[in-house]
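Residues in the sequence shown are numbered from 2 upward in steps of one, following the working numbering. Working notes for the structure below.
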Amino acid sequence: MAKNVLEIGYREIILSKVICDSEVLDEAGLTLEVYPSREEACRAVADELVAEIRDRRELVLGLATGSTPLPFYRELVRRRQEEGLSFQGVVGFNLDEYEGLSPEHPESYYSFMQKHFYGQVDARAGHLPPGIYQNAAQACAEYETKIREAGGIDWQLLGIGGNGHIAFNEPGSARDSRTRRIELDERTRLDAARTFGGLAHVPRAALTMGVGTVLEARRIVLMAWGEGKSEILHRALLERETADLPASFLQSHGNVRIVTDMGAGGWALS
Ligand code: F6R
2 MAKNVLEIGY REIILSKVIC DSEVLDEAGL TLEVYPSREE ACRAVADELV
52 AEIRDRRELV LGLATGSTPL PFYRELVRRR QEEGLSFQGV VGFNLDEYEG
102 LSPEHPESYY SFMQKHFYGQ VDARAGHLPP GIYQNAAQAC AEYETKIREA
152 GGIDWQLLGI GGNGHIAFNE PGSARDSRTR RIELDERTRL DAARTFGGLA
202 HVPRAALTMG VGTVLEARRI VLMAWGEGKS EILHRALLER ETADLPASFL
252 QSHGNVRIVT DMGAGGWALS
């Protein structure tokens with residue numbers, strides 16, 4: 002079947018979740034689940050992660066920032082506080098950090114992770130690329146080495162940018178790109194303008210894991226919420242893979258779970 006033909010039906014309806022049936026997605030080793038709400042979706046993803054945490058002495062997580070993972074981190078923190086879930090075997094690596102922001106800057110991804118996750122759970126370690134550095138290439142090589150020395154990423158959480166980026170791999174990023182300094186797209190900077198209190202305050206560059214770095218994760222879970230992500234997600238999953246839309250490279254990973262609410266994934270049900 003041509004990759005751009007959308008032919009999706011219901012495979013299973015389990016409680017409130019719909020798993021979409023599509024030859025294209027099946028061939029890609031990709032599952033798409035649409036939930037009535039992001040909270041329900043996050044509970045389902047937390048169930049998967051908790052099973053991984055309980056199964057292993059050590060788990061290397063790839064973690065994302067932004068608005069998408071917030072309800073997920075809330076759910077993990079709730080499980081820590083109310084159910085005593087331990088994250089002591091967890092070592093985390095974040096996808097990216099803005100250039101020029103110190104860890105103390107309120108909009109740094111370091112601050113974000115402290116506030117929403119690391120400050121509230123007992124994880125063993127949490128790494129982010131630095132925002133301040135002398136030599137970008139060296140800082141990126143060191144980050145790659147740290148990931149490798151930890152044994153590689155077992156379980157990677159992703160969001161998707163309005164322009165189809167994953168991490169800060171903006172359109173044009175190659176499938177085999179590695180952790181590097183990248184100039185942020187105008188679209189990405191505009192999306193961030195509100196949290197920074199205006200476009201002028203949004204950094205122009207970042208350090209980001211590469212597409213190749215992300216695709217080396219053994220398991221990838223991508224979350225998308227709201228109608229604003231609907232069209233780009235549809236294109237990423239069903240158009241041919243292209244560097245113009247870096248999220249499309251997930252099609253050839255082989256072990257990807259996409260989880261959406263009705264706004265972002267409702268198209269799959271019609
Ligand atoms: C964040 C990241 C980005 C975001 C994406 C979506 O660490 O790497 O790829 O996942 O920009 O952002 P939100 O979730 O704010 O819509």
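Quick reminder that beta carbons are idealized off the backbone N, C-alpha and C, glycines included. Note that the structure is a prediction, hence the values are computed from the model and not measured.
Item: Host beta strand (DSSP E) of residue 32 (start-end); Value: 31–36
Item: Test: residue 244 CB closer than 8 Å to a CB of chain D; Value: The chain inventory of the structure shown lacks chain D, comprising one protein chain alone.
Item: The region 208–228 contacting the region 96–112, beta-carbon criterion three pairs below 8 Å; Value: yes
Item: Buried versus exposed call for residue 136 [16 or more other C-beta atoms within 10 Å across all chains shown]; Value: exposed
Item: Residue 110 CB to nearest heavy atom of ligand 1 below 7 Å; Value: yes
Item: Nearest-angstrom Cα separation, counted from residue 87 out to residue 81; Value: 6 Å
Item: Segment contact, 8 Å Cβ cut-off, at least three pairs: the region 246–263 with the region 38–54; Value: yes
Item: Distance, residue 181 Cα to residue 197 Cα; Value: 23 Å
Item: Near ligand 1: residue 234 beta-carbon under 7 Å from a heavy atom; Value: no
Item: Supposed close pair residue 213, residue 178 - CB separation, criterion 8 Å; Value: 6 Å
Item: Whole alpha helix (DSSP H) elements within the region 157–205, 4-residue minimum; Value: 187–197
Item: Whole-number beta carbon distance between residue 59 and residue 154, since they are thought to touch under 8 Å; Value: So it is not a contact: roughly 12 Å between Cβ atoms.
Item: Proximity test, residue 166 beta-carbon vs ligand 1 heavy atom, cut-off 7 Å; Value: yes
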